[in-house]
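Numbering (the working numbering), first residue to last: 4 to 103.
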Amino acid sequence: MLGVLILIFLIFRISRSAKRAGKKLIFWIPLALVLYIGIQSAVAGSVVLISLIGERMLGWQPIQLGKFALPILFFSEVFSLLAVWTIANYLTSEAEDRSS
């Protein structure tokens, strides 16, 4: 829930900075949302894929992903918010460069 609140704050920051920089909101906000959801999906998918490959091809013992749910959620949330924060900082610097 905290990640979604931070995402909303960053989306507002992106929209404000994009307007000041003269960039199109129709591109930047969907890009931020796609990155947020995409990175989380990629992290979860890669964990499941590695687990399945390990069990079937490498002979690993089956593991319960429930043990690793909290660290997986934490790191996927951090990486997703880092990507959105990078977009927000890029647009903020573009707005500052344009105003000066």
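Yeah, the Cβ is synthetic: ideal placement off N, Cα and C, and Gly gets one too.
Where residue i falls: helix, strand or coil (DSSP)
{"i": "proline 33", "result": "helix"}
{"i": "lysine 1", "result": "No answer is possible for residue 1: it lies beyond the span of the chain, which begins at 4 and ends at 103."}
{"i": "tryptophan 63", "result": "coil"}
Cβ-based burial, residue i [other Cβ within 10 Å; buried from 16]
{"i": "leucine 13", "result": "buried"}
{"i": "glutamine 67", "result": "exposed"}
{"i": "tryptophan 63", "result": "exposed"}
{"i": "isoleucine 40", "result": "exposed"}
{"i": "leucine 84", "result": "buried"}
{"i": "isoleucine 90", "result": "buried"}
Enclosing alpha helix (DSSP H) for residue i [first to last residue]
{"i": "leucine 73", "result": "72 to 102"}
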